[in-house]
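Asks:
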Amino acid sequence: MTHPAHQQINRDLLRPLMQTSWRFYALVALPAALVVAGLVSWFTQMFFGFGISGIRWPIFWGFYVTNFVFWIGISHAGTLISAILRLVNAGWRRPVTRCAEVITVFALMIGAMFPIIHLGRPWLAFWLFPYPSERLIWPNFRSPLVWDFFAINTYLTGSLLFLYLPIIPDFAVARDHATGLRRRIYAALALGWRGTPRQWHRLETAMQIMAIAIIPVAVSVHTIVSFDFSMAPVPMWQTTIFGPYFVAGAIFSGIAALLLAMAALRKILHLEAYLHPVHFENLGKLLLVMALLWGYFVFNERLVTYYGNGPAEMAVFWRTQRESFAPLYWTMVICNFVLPLSLMGIKRFRTITGCVIASIGVVIGMWLERFLIIVPALGHKYLPYSYGIYRPQPVEIIITAATFGAMILLYALFSKLVPIISMWELKAGDHPPADLIPPATEEHPLGELRL
Amino acid sequence: MDRRSFIKLTAVSGTTAALASCGDPDHQLIRFVPDEDIIPGQAVWKPSVCPLCPSGCGLTVRVMDADADVVRNGKAGLLHILAAKKLEGNPNHPVNRGGLCARGQAGIQVTYHPDRITQPLKRKGNRGDGAYEAITWEAAIAEVVSKLNEARAAAPEAVAFVGRGGESHRNTLIAAFLSRLGAPAPVTYELFGDDVLRAANGISFGNEQLPTFDFANSRYVLNFGADVLGTWDAPVAHARAYGEMRQGRVGVRGRFVQAEPRMSQTGASADEWVPVRPGTEGALALGLAHLILKNGTNANGTRPDPRAVSSIEGWSAGLPDYAPDAVEKITGVSASRIERLAREFTGESAVPGMRALAGVAVIGGAALAHTNGLFNALAVNALNALVGSVGSPGGLSFTPQFDVAAAATLPGVARQGRTLQQLASFLLSEQGADTRALMLDGVNPVFTAPRAWKVRDALNKVPFIVSFGSFLDETSILADLILPDHSFLETWSEAVPESGSAIAVVSAAPPVMKPLHETRATPDVLLEVGRALEKPLELPWQTFEEMLTATLTPLPAMTDGSDTWTDVQEKGGWWGTLPAAVRLKPDTTNTVRLKADTTSTPEFDGDAGQYPFHFLPYPSNQFLDGSLAHLPWLQEMPDPLTSAMWSSWVEINPATAAKLGIEQGDVVDVASPHGTVQTAAYLSPGIAPDVLAMPAGQGHTTFTRYASGRGANPVDLLAPLTVSTTGAPAWAATRVKIARVGKADGRLILFAGGMREHEEHGR
Amino acid sequence: MPNWGMAVDLDRCTGCGACVTACHAENNISTVGAEQASRGRAKHWIRVERYWEGDFPDVSLKFRPVLCQQCDNAPCEPVCPTYASHHTQDGLNAQVYNRCIGTRYCANACPYNVRFFDFFNPSWDKPLHLQLNPDVSLREVGVMEKCTFCVQRIKAATIEAKATEQELKDGDLQTACAQACPSRALVFGDLNDPESDVSRLSRSPRGSKLLEDLGTKPKVTYLSKQA
Ligand SMILES: Nc1nc2c(c(=O)[nH]1)N[C@H]1C(S)=C(S)[C@@H](COP(=O)(O)OP(=O)(O)OC[C@H]3O[C@@H](n4cnc5c(=O)[nH]c(N)nc54)[C@H](O)[C@@H]3O)O[C@H]1N2
Ligand SMILES: Nc1nc2c(c(=O)[nH]1)N[C@H]1C(S)=C(S)[C@@H](COP(=O)(O)OP(=O)(O)OC[C@H]3O[C@@H](n4cnc5c(=O)[nH]c(N)nc54)[C@H](O)[C@@H]3O)O[C@H]1N2
Ligand code: SF4
Ligand code: SF4
Ligand code: SF4
Ligand code: SF4
Ligand code: SF4
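Residue numbers (the numbering used here), protein chains in the order written: chain A, 1006 to 1456; chain B, 806 to 1568; chain C, 43 to 269.
#1: Could you check whether the Cβ of A:Val1338 sits closer than 8 Å to any Cβ belonging to chain C?
#2: Is A:Ser1058 near ligand 6, in the sense that its beta carbon is under 7 Å from a heavy atom of that ligand?
#3: Quick check: the region 899-912 of chain B against the region 1253-1269 of chain B, are at least 3 beta-carbon pairs closer than 8 Å?
#4: Looking at ligand 4, does it come within less than 7 Å of C:Pro224, judged from the CB to the closest heavy atom?
#5: Can you tell me whether DSSP reads A:Ala1117 as helix, strand or coil?
#6: Whole angstroms is fine: what's the gap from A:Trp1047's alpha carbon to C:Val262's?
#7: Could you tell me which residues DSSP puts in a beta bridge with B:Ala1187?
#8: Run down chain A in chain order and give the residues with a C-beta less than 7 Å from the C-beta of C:Thr124.
#9: According to DSSP, which residues form a beta bridge with B:Leu887?
#10: Could you check what DSSP says for B:Asp831 in three-state terms: helix, strand or coil?
#11: Using a threshold of 8 Å, state whether the C-beta atoms of A:Leu1264 and A:Pro1100 are closer than that.
#12: Go ahead and pull the three-state DSSP assignment for B:Ala1401.
#13: Can you tell me which residues fall inside 6 Å of ligand 5, judged by beta-carbon distance to its nearest heavy atom, and keep chain order?
#14: Should B:Gly1470 be flagged as near chain C, meaning a C-beta pair shorter than 8 Å?
#15: When DSSP builds the beta bridges, which residues end up paired with C:Thr263?
#16: Answer yes or no: does any C-beta atom of chain C fall closer than 8 Å to that of A:Ala1237?
#17: So which residues of chain B does C:Ser238 contact, with C-beta pairs closer than 7 Å?
#18: Compute the Euclidean distance between the alpha carbons of A:Leu1458 and C:Arg157, then round it to the nearest angstrom.
#19: Nearest to B:Val1496 by CA position, among B:Gly1502, B:Pro1066, B:Val1520, B:Pro1198, is which residue?
#20: Quick one: is C:Pro117 buried, meaning 16 or more other Cβ sit within 10 Å of its Cβ, or exposed?
#21: Helix, strand or coil: how does DSSP classify B:Leu1488 here?
#22: Determine the closest residue to A:Ser1258 out of A:Trp1372, A:Val1380, A:Pro1424, A:Asp1181, with distance taken between C-alpha atoms.
#23: For C:Pro260, go through chain B and note every residue whose CB falls closer than 7 Å to its CB, in chain order.
#24: Checking contacts by CB at 8 Å: is C:Ala67 closer than that to chain A?
#25: Please list, in chain order, all residues of the same chain as B:Leu1399 whose beta carbon is under 8 Å from its beta carbon, the five residues on each side excluded.
#26: What residue ranges within the region 82-156 of chain C form continuous beta strand (DSSP E) runs of no fewer than 3 residues, ordered along the chain?
#27: So that I know if they touch, is there some Cβ in chain C lying closer than 8 Å to that of B:Asp831?
#28: For ligand 7, is there a heavy atom less than 7 Å away from the beta-carbon of C:Glu68?
#29: Classify B:Gly1491: buried if its beta carbon has 16 or more other beta carbons within 10 angstroms, exposed otherwise.
#30: Using 8 Å as the Cβ pair cut-off and three pairs as the minimum, do the region 1330-1345 of chain A and the region 45-57 of chain C touch?
#31: Mapping DSSP to helix, strand and coil, what is B:Ala1493?
#32: Who does B:Ala1314 pair with in a DSSP beta bridge?
#33: Helix, strand or coil, according to DSSP, for A:Trp1323 in the structure here?
#34: Considering only C-alpha positions, which residue in the set B:Gly1502, B:Ala960, B:Gly863, B:Pro845 is nearest to B:Phe1293?
#35: Spatial neighbours of A:Asn1287 within its chain, please: CB distance less than 7 Å, with the 5 preceding and 5 following residues excluded, ordered by chain position.
#36: Buried or exposed: which applies to B:Ile1143, given that a residue is buried once 16 or more other Cβ atoms fall within 10 Å of its Cβ?
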């Protein structure tokens, strides 16, 4: 596959950093407004009491925990995918990796907000952290919520590193092209990158280590998130399948998110020359595989429950299958299975538009999946006298919408400050001429790029 | 220095501090000096008496120190008092033996209610719009005195009194007050009262009194519609005995059958529920009697009490009209089932060991509130007499009752006069015009009496109304003067339970705490008024306490070595064997007249074509007739059958509802020829297809922040029919129609999610 | 060390609800009002479940008081990140309001749905606050509350017994619900004392545990209604 010449790359990919048009402000205005609305809602909830939400006896988790699982799921787009692609050294990955990794970092940040937002007394959230209090009171390490704390923090730190390392050379380029304050900022961020062979060598090794290390972390994160449910004796929650089921779902929704991000960048930043249909097609195939995997897990979960025919489980089962929650359930099935299968399964539809439509479906479907795991089960737990119906309230809906706003906002700001496509990897990608790469020597396997 | 002087000291410094701090002298925080010994954090237990229903359960009140905001002669301040904290059942009291019903538990909220009337009020503005101004007790009493003087001068009939029923010192004092005044005896009214059963017992057993049931020793209980475990008569006593009947005896478990068209809380506990057509309970009872007479299987061979059976036509002939097939036609209960019930009731089918034990029949509630209620009661009495359950273990008996009038040496004081209906029509007639003054004592007839009686209009005819109640309600808001009573915890509380105990009981206890507000005990107010009249009434006591001392001290001490009066104050009453002199003589003067015209078939108001449903209002488990709807704990307590909170509803059979397109919670109009109410539908499998049932209690327009404007009142629909030969309202004799108005709008608030434990999904 | 337990005789229970109000009175449970009640915020530490069976005319109703079962293997305990829900020496499932940060995880984990959340700060229209029991702390917004087996009564009685150097006799100590129950359907006591009423009843052939198969090891025994 061919990319523009290197000077062209620099010009194209540094343009968003160097110049800002009114369009940019127009673009960020709406998401920014959403975020503000979300913050206001949250403080209103703290001020008037949790009661303004729709949470009730016995459905004590609703939109907030749904969003938590959803965004942690989305976060599996980047780091995991790009790590795998790096390890298998898929050449086509080069323009994709960074916009993927960015999603991870921001999705994690947003997701990690919810364990705090959903607290009855958020101002005491720090009691979840293991800090040496003067009372020598530690959190309960048996609680999955405390596991979440560790898992998410590890993944966030790892992802940040994994994102930052390969940006260093690009920061250097930005530094060299920028002037004044910008120059000093990029200089600081570039950590004095000179592109010496030793630096290249270190970078490559670090990338290798991170790529390998991050994969088990990513897998463990969503497994632990699934433990929040499977550890509690709630009908349809306590099942061994939840670990892999959640991880698969996470990657599934992650790829969808990535496809949407790429399509947006391509349009808005005019990166047609870099993000080719083939990228979409390849990721589309990945989406297809995940859709099949997801269907496989759902089928498992459903059949085993149905066959077991436990009274408590069946109450929940029928609520989703053919009673009150059926409309949502079948929407989920269409969005997560029927749609991606029919679009991504047929080559003719595996276009950019096709990918976008399928991805939108999957994002919606996966949000519904999390909602349908949490709410119907809590509303129909064992003793029918204590059944209940959950109705989300404005505060929850606004905060949910705000998270999407936050994602867009952060993404826009990032692509304004950092080349959203890894320039050096791109350049290194298309077998550059000899004058660019001298023959590799013993101590520098990759040789020194003259950028 | 001792604690007293210490507290004084802090009081003073507290005052000065307050004076220094805030300007407005009316609102400065004053620490009043408590005039009682208080040990901080130390709980004390004191006896009291639950006033919320006539059964007169004994209480044990937990009392601890607390800081109360009070107003004392115009100054707001803080008073460190001993305050009631929790009401428990008095474990030694023969009626409730330590138990307490939900209403009794909530009784404490009467005392601490935010909307209690805290001082004397005088009406300003128009009658009924609830505008009042505060006046001093002196002014208030002076006004009552002058009005009574006028009235008395005008005519002896010129003063009327409407109060609570039941034997008690308070009511005896009121009766004495009125008779000395030359006024007619007090009018007592209770929507769900039991005068019909009293009358029937007068005829059948020569005893106009409610029966006491020995369920604890019963083999078999056949209950015709009495909510004995929920709201009827002495529910706590019944429930206690019920528990014993079920599991209190080794190897013996009493069987319990309930016959009623709408499943009550009691019916829900029965082993067998027999939906009998409304008003045909008596026929069913005689159906059983017919078979028992035929088979000659009278349990213990005793000859039935002639009075009981002679009141039933055709008894000597073996009740030919009540053969099973005939009874099946009347009651809708199959002949075979009637035969089985008869065998079970007599113990024929019981295991040998149990045969000896008595079976007992009970009647109450709606069964007495049909036009033929008296007949139904007489029939059940006869059935009991037939199987010899009267006076025998496991059967029914009559609690020896303390005769307050006799003990107080007030001979010839009529305890009960006209019925409310008679009073109302009298006030609306010409002669009614010269009634100058009317007194209300904690009753709300405007809310609970059939609209056709026009109680409101009648009361409005009276130029001067004084109320002693503690709350503004639909009736007391008509008062020109309000002299608020203490709450039962702040004064001498007493009652003479009519039933629920094998031995005689007088519940009586001294105040458990200082009055929170500037209220006064009504009996003491009456005594004071009596003294202040132009021609003083010369009642023999200065205070109510004196009256109690006078009547109770002569009784034999409960624990030997101690004097009765101290005993009473420690134990919260007196119980034991009554000296004959002060034992209430059975009053059977009017029984013969009663027997004459007793209709056996129920009449219903409203054309069956236009109004296809029988309408059964019933006393709510939380609010009874509505007098307790102001207590938040009871409003939020889920109703036993529906789990409804803060709501009112009409119960309808699901099949009927389906026909009419009515779903759970839908808004419906229930209409009779006398009115319409709008409420929510509750689909209940426990009600006959041609019956609608509705709890009383909600639908208040004026009754504190918690009850006002909430739900609907079934009384609005009631026909003015009365039970034949007794003046009692036949509140179960109205026919109604129902129509769907709209879909569920959230007015029916249920705590429960599911209705059934095992759902059928079908796979 | 005693092991507190309860027996619920369904053959005695009449569904009257006295236990429900008694618990409100003893434990300072705030009433939430009609609007909040309709939104599922009513707090009834003990509730009397009622289930319809069959259809008219062959219909019957079943009552079952349900309170915290004080499970010996309580699912609500391990999931709590702050130990606010934890097990005590004498076998109670304790709830430390000050420790609770309101994750509501415990309530999800509790199979009996007997945990209730404070959605708002409690309030009492004066002078209703005078009814409050000084032995029971109030719960602020955002914390979880539930039946404590009237721990304040347990503590008071055991301390008293210790002070007066007397054995705590069976029946000396009653929970508010058991004390109120008119039909004596609720019996509370020490399961470690084989002679106590509650031990005797817990051994009854009519006895069973609620949702026993979940392995929560409840300390409340239900005695079935006899036919
Ligand atoms: N007005 C007034 N002031 C007083 C007193 C009084 O009677 N009246 N009493 C005085 C006395 S004797 C004392 S001991 C002090 C007590 O005063 P504090 O030491 O403040 O004790 P608390 O207010 O009980 O608890 C303080 C905070 O600790 C939180 N907490 C609970 N568990 C933990 C935990 O694991 N970690 C952390 N970080 N916080 C936790 C509680 O939620 C609470 O908000 O107050 C003194 N001040
Ligand atoms: N729910 C809850 N309970 C708690 C705590 C909590 O945070 N929450 N905190 C605990 C702690 S740390 C403590 S220290 C204790 C404190 O609890 P307590 O020791 O009970 O302290 P107070 O309640 O402040 O004071 C007790 C009584 O002493 C009276 N008093 C005031 N001054 C004097 C005096 O000079 N002489 C005498 N004889 N009496 C006086 C007061 O009027 C009050 O009635 O509470 C403990 N209990
Ligand atoms: S039965 Fe009547 S007297 Fe007894 S506690 Fe209940 S309300 Fe009070
Ligand atoms: S108080 Fe006793 S009888 Fe009444 S509902 Fe509760 S447990 Fe049942
Ligand atoms: S019943 Fe629920 S709250 Fe009580 S101990 Fe068991 S799990 Fe915990
Ligand atoms: S709500 Fe409170 S008690 Fe329950 S798990 Fe969370 S912190 Fe623990
Ligand atoms: S034991 Fe105490 S806390 Fe538990 S339900 Fe009974 S009264 Fe309430």
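Backbone N, C-alpha and C fix where the C-beta goes; we use that ideal spot for every residue, glycine too.
Replies: If we stick to the structure as given:
#1: By 1-based counting over the first sequence, the position of residue 1338 of chain A is 333. Not one chain C Cβ lies under 8 Å of A:Val1338.
#2: Indexing the first sequence from 1 puts residue 1058 of chain A at position 53. No, Cβ of A:Ser1058 sits at least 7 Å from all heavy atoms of ligand 6.
#3: No, because fewer than three Cβ pairs between the region 1253-1269 of chain B and the region 899-912 of chain B fall closer than 8 Å, the two stretches do not touch.
#4: Numbered from 1 along the third sequence, position 182 holds the residue referred to as residue 224 of chain C. Checking the Cβ of C:Pro224 against ligand 4 gives yes.
#5: Within the first sequence, residue 1117 of chain A is the residue found at index 112, counting from 1. In the structure shown, A:Ala1117 sits in a helix (DSSP, three-state: H, G or I).
#6: Along the first sequence, one-based indexing puts residue 1047 of chain A at 42. Along the third sequence, one-based indexing puts residue 262 of chain C at 220. For A:Trp1047 and C:Val262, the distance between alpha carbons rounds to 40 Å.
#7: Mapped onto the second sequence, residue 1187 of chain B falls at position 382. B:Ala1187 is not bridged to any residue.
#8: Walking along the third sequence from the start, residue 124 of chain C turns up at place 82. Under the 7 Å cutoff, chain A gives Trp1132, Pro1144, Asn1145.
#9: Position 82 of the second sequence, counting from 1, holds the residue named residue 887 of chain B. Answer by DSSP bridge pairing, in chain order: B:Asp870.
#10: Taking the second sequence and counting its residues from 1, the one referred to as residue 831 of chain B is at position 26. No answer about B:Asp831 holds up, because its pLDDT of 49 lies below 50 and its placement is not dependable.
#11: Counting from 1 along the first sequence, the entry for residue 1264 of chain A is found at position 259. Counting from 1 along the first sequence, the entry for residue 1100 of chain A is found at position 95. No; because the gap between Cβ atoms is not below 8 Å, this pair is not in contact.
#12: Here residue 1401 of chain B refers to the residue found at position 596 of the second sequence. Residue placement at B:Ala1401 is poorly supported in this model, since its pLDDT is 47, which falls under 50; the coordinates still yield a value, given next. Correct three-state label for B:Ala1401: helix.
#13: Result: C:Cys110, C:Gln111, C:Gln112, C:Cys113, C:Ala116, C:Pro117, C:Cys118, C:Asn135, C:Cys152, C:Tyr154, C:Val156, C:Arg157, C:Lys188, C:Thr258.
#14: Here residue 1470 of chain B refers to the residue found at position 665 of the second sequence. Output row for B:Gly1470: interface = no.
#15: Mapped onto the third sequence, residue 263 of chain C falls at position 221. Per DSSP, the beta bridge partners of C:Thr263 are C:Ala49.
#16: As a first step, residue 1237 of chain A is located in the first sequence; it is residue number 232 there, counting from the start. For A:Ala1237, the answer is yes, since a Cβ of chain C falls inside 8 Å of its Cβ.
#17: Here the question's residue 238 of chain C lines up with position 196 in the third sequence. Neighbours of C:Ser238 on chain B: none; closest Cβ ~17 Å, over 7 Å.
#18: Residue coverage of chain A in this structure runs from 1006 to 1456, which leaves residue 1458 of chain A outside it and unanswerable.
#19: In the second sequence, residue 1496 of chain B corresponds to position 691, counting from 1. For the residues B:Gly1502, B:Pro1066, B:Val1520, B:Pro1198, the minimum Cα distance to B:Val1496 belongs to B:Pro1066.
#20: The residue given as residue 117 of chain C occupies position 75 in the third sequence. Burial call: buried.
#21: As a working note, residue 1488 of chain B is residue 683 in the second sequence. In the structure shown, B:Leu1488 sits in a strand (DSSP, three-state: E or B).
#22: Translated into positions along the first sequence, residue 1258 of chain A becomes position 253. It is A:Trp1372.
#23: Residue mapping note: residue 260 of chain C aligns to position 218 of the third sequence, counting from 1. Here the premise fails: no neighbours, minimum Cβ distance about 18 Å.
#24: Here residue 67 of chain C refers to the residue found at position 25 when the third sequence is read from its first residue. Judged by the 8 Å Cβ criterion, C:Ala67 is not in contact with chain A.
#25: For the purposes of this step, residue 1399 of chain B is taken as the residue at position 594 of the second sequence. Confidence is the limiting factor: at B:Leu1399 the pLDDT is only 45, short of 50, which leaves the residue's position unreliable, though a coordinate-based value still follows. Within the same chain, B:Leu1399 has close Cβ partners Ala1004, Gly1007, Ile1008, Leu1179, Thr1530, Thr1531.
#26: Within the region 82-156 of chain C, complete beta strand (DSSP E) segments of at least 3 residues are found at 89-95, 102-108, 127-129, 135-137, given in chain order.
#27: In the second sequence, counting from the first residue as 1, residue 831 of chain B sits at position 26. In this prediction, B:Asp831 has a pLDDT of 49, which is less than 50 and means its spatial position is unreliable; what the coordinates show is noted afterwards. Closer than 8 Å: no.
#28: Walking along the third sequence from the start, residue 68 of chain C turns up at place 26. For C:Glu68, the distance from the CB to the nearest heavy atom of ligand 7 is below 7 Å.
#29: The residue you call residue 1491 of chain B lines up with position 686 of the second sequence. Within a 10 Å sphere around the beta-carbon of B:Gly1491 sit 16 or more other beta-carbons, which makes this residue buried.
#30: No, the region 1330-1345 of chain A does not touch the region 45-57 of chain C.
#31: Here residue 1493 of chain B is taken as the residue at index 688 of the second sequence, counted from 1. Coil.
#32: In the second sequence, residue 1314 of chain B corresponds to position 509, counting from 1. In DSSP, B:Ala1314 forms a bridge with B:Ser1298.
#33: Residue numbering aside, residue 1323 of chain A sits at position 318 when the first sequence is read from its first letter. Note: A:Trp1323 maps to helix in three-state DSSP.
#34: Taking the second sequence and counting its residues from 1, the one referred to as residue 1293 of chain B is at position 488. The candidate whose alpha carbon is nearest that of B:Phe1293 is B:Gly863.
#35: Position 282 of the first sequence, counted from the first residue, corresponds to residue 1287 of chain A. Cβ within range, chain order: Trp1097.
#36: The residue given as residue 1143 of chain B occupies position 338 in the second sequence. Around the beta-carbon of B:Ile1143, 16 or more other beta-carbon atoms lie within 10 Å, marking it buried.
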